[in-house]
Amino acid sequence: MSQRTITINGRTVPAAEGSTILEAATQAGQKIPTLCHHPDLPPLGACRVCLVEVEGERNLQPACSFPTREGMVVWTHSAKVRKARRTVVELLLSDHPSDCTACARNRNCELQTLAEELGIREVRVRVEPRGYEVDDSSLSVVRDPDKCILCRRCLQTCSEIQGVSGLRIRGRGYDSLVGSAFDTPLGSALCVNCGQCINRCPTGALTERSAIAEVWEALEDPELFTVVQTAPAVRIALGEALGMPPGQIVTGRLTTALRLLGFDRVFDTDFAADLTIMEEGYELIQRVTEGGVLPQLTSCSPGWIKFIEHFYPELLPNLSTCKSPQQMFGAVAKTYFAEVAGVDPAKMRVVSIMPCTAKKFEAARPEMRASGFQDVDYVLTTRELAQMIKEKGVDFMVLEESEYDDPLGESTGAAVIFGVTGGVMEAALRTAYEVITGEKLDNVEIHAVRGMEGVREASVKVGDLDLRAAVAHGLANAARLLDRVVAGEGGYHFIEIMACPGGCLGGGGQPIPTSPEIRQARADAIYQADQEMPIRRSHENPSIQALYERFLGKPLSERSHHLLHTQYTPRSRRAVQVQDDKSGRQTGA
Amino acid sequence: MVAQGKCTECTQIEAAIDAIIEQKGPEPTSLIEILHAVQQELGFLPQSVQEYIAEKLNMPAGTVEGVVSFYTFFTTVPRGRHVIKVCQGTACYVRGGKRVLEAVVKHCGCGVGQTSEDRRFSVDIVRCLGACGLSPIMTVDDDIYERVKPTKIADILGKYD
C-alpha cells in the first residue's frame, strides 16, 4: 500500500493511503478521544468528540472519518479543539443522568472516562434527563434510554454485525430516541437477545437483565441445593472483569470463587459440550448415512436459534435437534445427577455462568423443562459473576486453584473449544471421524476450520466421504452463508453458526470492552486450554461414557431424545411472542 | 399484511400500496417517494402500512419508521379535513403567536400534531413562513391569515367545515 506523509501536532508521520486521520494518529501513537467510534464498526462521525483542526479546512473535522491526504497538517489538541471537544462532551452530559455510582457501568463507562480525561469539573448546561421509562421487558437486554447518548453503535451493531436491524432511531434532534421499531418493548420486538449492542454501548443505556439478586437468594436459602455450570468461554474472559489482561485462563480460580460464593456443586458446561458432541455427531452421521436433511446446522447458540426462527424458518428442518450444552446440562443435572446424589430436583437450583445474554431467554423457553422442572433456573453473564465475586469480597488475584466436582465436571479439549468460532465443528469432526472410520486421528487439531474470517469453508476427508463443512460467526455473516444454502449452493454437510463475532468468547455477556485484538487473545487462550487437556476427544470422556452406560444407553436413544433434544418455533419478523411474567424467576417465553 | 383478518378494505389498501410501489420502483431508494404517494392516497401512514412497505421493499421496519418520524410532512395519525399551521417563529412568537396557538388548540380541542375529534382540523406549528412583517401569522390549508388576534380564531375557523 502506498504511503503518504502528514503532519500531526508538528510531527511528520506516515499515513497509509485511504486511512483516516484517526488511524494515522493512532499508528503514530497520538491519542484522539472518541466516543461513537468502535473498532468493530465503520466510522460514523456522529458524536463529534474526535474533532481535530485540519489546516485549510474551514471547520473542525471528525478524525474518525476524515481521510488523510498528502501533506495535510493536523492539530489534535489545540486550544480551539480542546474547547470544542469540551463543549461537545458537556452537551452530552447536560441531560445525562449523573448518578454514576448507581449505574451498572460505573468505572467502565466511556462517557465517564472521557469526562475525566477532559478534566470536566463543571457542566455549564444542566437539564433534567428526559425521564424515559426503562424497558426491562426482555429476558436478556435492558434499555435505559435516559442514559443513551445517541452514538448509534447499537444500531450499527444490530444491522452491520448481526443483520437483524431490530434497532432504529426515530424522531430528530432533542427528540431522537433509539429503540425497537414502533417503540415495541424489546421483549416482544425483533431481537435475538445476543447482547452485542450491550458490548458496544459506551454507557449504561444497554445492560443485561440481571439475575444476581435471585441467585444470592437461592445461595442463601438453606433448603435449596445449588448447582452451577460454567461455559467454556467464561474461563478465558472472567479475568478481564477482575483486573487481568485479556487471554488469561482462570479455570482453577473460577471454580474456587464459585465455591466461596456458596454453590453446593461446581460443574462444567464443558461436560455437557462433550455430551452435545456425542448426540450431534451421531445425528450428523445418521443424516449423512441415512439420507436426512442436509446440511445439518449446529444449535448451540441461542442468539442464532432465534435468528433462524425469525429470518430463515424454512431452514428449521436443517437445524440439529440437539439442545445447547447449557440445556443438556440442566436436564441431566435435575435427572441423572439428582438421582446419583439423592437430591430432590424440586429443591435443586441450576445456575449457569454464560458469556451470553441469549442464554437467559433460552433457559426460559417453555420446551426447556424436560426434567419436569425448569432445567436451568438462572443464567448469569460473565460480567454478573465478576460483580458477585467482588460483592462477596473474594480477592480473585490471589485465589488458590481447584478442580470441578464429579460427576458433571469432567471434560475434554474438544469441549473447551466450543467457546470459539469453528470449535463445535472441530470437536464434532474429532469424534465423527473416529466413529465413522474407526481410525484414530493423528492430529486432533483441524486448522482448516479455525480463524476469524466471517465465513470459512473446508473439505475434510472422512473415510470415503469428502465432508463439506462451513463455519460462520456474526449473524450477518451467517445470513450470507444461509442465502447460499437456500439457493442450493455449496453442497455442505455440516455448518456451524455462532451468533457472536469470534463465537461465544465474543458473547454479549462477556467483559466490556471488546475488539478484534481482545477476541483474538481469548481465542488463543481457548486453544491453549484445549492443548493443556489430557483428553481432547469428547467420546473419550470417561464421565460421558459413564453417563451413557448408567443412564442414557446410547447416543440418540429414547431417553436422549426426551432429555437432550428439542424442537423450534417459526417466528415472524414482526414478532410479538415473548411475554415476561415479571416474577423474579425467569420463566416461560 | 395490513391486518390479520384481511378485510376487503385491507385488501384494497394493499393493492393500492402495491400499485404505488410498482410505479415508483420496489427499491429502498424509492422509499420517500413511495411514502409520499401512499400518504397522499391514504391520508396517513399507520404502523401496519409502514411494516407492509418495509416488507415489500425488503428493508427493516425501523428504517421506514425512522424516515417517517424524521420528516414532519409524514403523519402516522389520520389528518383533519383542514390543516391549520400556526407560526411560532421568533417574530410571530413575540407578537402573540403563542396566544394564537393557545386559542386554536382550545377551539379544536386537540393538541399540536393532533386532529380534532370531528376530523375537521389538524393543528400544526411551523417555525417561520417567511412573512414576519405580517406576524403573527397562520395558515388554514392554502389560505393565509395575517396579524391574527386570538379573539378572531372562532370566526376564521368557522369558515371551514
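Line order of the protein sequences matches chains A and B. Numbers in our numbering are just positions in the first sequence, counted from 1, shifted up by 31. Numbers in our numbering are just positions in the second sequence, counted from 1, shifted up by 503. Glycine included, C-beta positions come from ideal geometry on N, C-alpha and C.
Close partners of G569 of chain B in chain A (Cβ separation under 7 Å): R199, I200, R201. The C-alpha of Q327 of chain A lies about 28 Å from the C-alpha of A556 of chain A.
Of A:S125, A:V83, A:S129, the smallest CA-CA separation from A115 of chain A is found for A:V83. Runs of the beta strand (DSSP E) lying entirely within the region 194-278 of chain A, each at least 3 residues long, are 198-201, 208-211, 237-239, 256-261 in chain order. Listed along the chain, the chain A residues whose CB falls inside 8 Å of the CB of T566 of chain B are S196, R199. By the CB criterion at 7 Å, G226 of chain A and S169 of chain A fall outside the cutoff. In chain A, no part has a C-beta under 7 Å from the C-beta of F624 of chain B; the shortest such distance is about 24 Å. Residue ranges of uninterrupted beta strand (DSSP E) with 3 or more members, entirely inside the region 563-610 of chain B and ordered along the chain, are 585-590. In the three-state reduction of the DSSP assignment, M428 of chain A falls in the helix class, which pools H, G and I.
Identification of residues in the region 409-429 of chain A having a C-beta nearer than 9 Å to some C-beta of chain B yields an empty set. Within the same chain, A594 come within 6 Å of C635 of chain B by CB-CB distance, once the 5 residues on both sides are set aside. Burial is judged here by how many other beta carbons sit within 10 angstroms of a residue's own beta carbon; Q357 of chain A has at least 16 and is buried. Residues of the region 202-216 of chain A whose Cβ lies closer than 8 Å to any Cβ of chain B, in chain order: G202, R203, S211, A212, F213. The Cβ-Cβ distance between G469 of chain A and R567 of chain A does not fall below 7 Å. V425 of chain A has its alpha-carbon roughly 8 Å from the corresponding atom of L291 of chain A. The alpha-carbon of P549 of chain B is positioned some 5 Å away from that of T579 of chain B.
If you ignore the 5 residues before and after R590 of chain A, its C-beta comes within less than 8 Å of the C-beta of F582, L583, G584, all in its own chain and listed in chain order. Residue-level contact check: S572 of chain B touches chain A, since one or more beta carbons of chain A fall below 7 Å from its beta carbon.
When the Cα atoms are used, S490 of chain A and R499 of chain A turn out to be separated by approximately 5 Å. Those residues of the region 548-564 of chain B placed with their C-beta closer than 7 Å to a C-beta in chain A are Q550, E554, P563, A564, ordered along the chain. The Cβ atoms of K423 of chain A and T597 of chain A do not sit closer than 7 Å to each other.
Within its own chain, the residues whose Cβ lies closer than 6 Å to the Cβ of E554 of chain B, once the five positions on either side in sequence are excluded, are A564, listed in chain order. Exposed is the label assigned to N561 of chain B, since fewer than 16 other Cβ atoms lie within 10 Å of its Cβ. L122 of chain A carries a helical assignment under DSSP once its states are collapsed to helix, strand and coil. With 16 or more other CB atoms across the displayed protein chains lying within 10 angstroms of its CB, E441 of chain A is buried. For the set A:P601, A:T287, A:I336, the Cα lying nearest the Cα of V429 of chain A is the one of A:T287. Note that the C-beta distance between Y409 of chain A and A242 of chain A is below 7 Å. If only uninterrupted alpha helix (DSSP H) runs of at least 4 residues are considered, those enclosed by the region 453-493 of chain A are 454-468. No residue range can be given for L587 of chain A, since it is assigned to no beta strand (DSSP E) and is classified by DSSP as neither H nor E.
Under a 10 Å Cβ-count criterion, I647 of chain B is classified as exposed, with fewer than 16 other Cβ atoms of the shown protein chains found around its own Cβ. DSSP places Q34 of chain A inside the beta strand (DSSP E), whose first and last residues are 34-39. Following the DSSP letters along the chain, one finds Y558 of chain A inside the alpha helix (DSSP H) bounded by residues 547-563.
For R290 of chain A, the enclosing alpha helix (DSSP H) covers residues 282-292.
Boundaries of the alpha helix (DSSP H) harbouring L186 of chain A: 184-187, taken from the DSSP string.
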